[in-house]
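Participant: I am attaching a structure below and will ask some questions about it afterwards.
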Amino acid sequence: MRFEIMRLDDINGTPVDTTVVDAASVNRIVQQAAAIGQRLWIRPAETAAS
2 MRFEIMRLDD INGTPVDTTV VDAASVNRIV QQAAAIGQRL WIRPAETAAS
């Protein structure tokens, strides 16, 4: 499963950076964000119909 992770602006909470990662990478990114107090929004990535 893939997830879309958006880094949020500290002032108004708007997304400033978006990336799509696999499930194995989510924990590492969350740990890094928590270490510096960064806000994230994580949701399942939309998949293209096959």
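Taking the numbering used here as reference, the numbering of the sequence shown is continuous, increasing by one, and the terminal residue is 51.
We put the CB at the ideal spot given by N, CA and C, even for glycine.
Since we're looking at a predicted model, the values are computed, not measured.
On a CA-only basis, which of Ala34, Ala46 and Val17 is nearest Leu9? Give me that one, please.
Facilitator: Ranking the options by Cα distance to Leu9, first place goes to Val17.
Participant: Taking the Cβ atom as the reference point for each residue, do Val31 and Arg3 lie within a distance shorter than 8 Å?
Facilitator: Their beta carbons are not under 8 Å apart, which means Val31 does not touch Arg3 by this criterion.
Participant: Leaving aside the five residues before and after Arg29 along the sequence, list all residues of the same chain whose C-beta is less than 7 Å from its C-beta, in chain order.
Facilitator: Cβ within range, chain order: n/a, list empty.
Participant: Report the start-end ranges of each alpha helix (DSSP H) in the stretch 11-44 that is 4 residues or longer and not cut off at the edges.
Facilitator: As far as the stretch 11-44 is concerned, its whole alpha helix (DSSP H) runs of at least 4 residues are 24-37.
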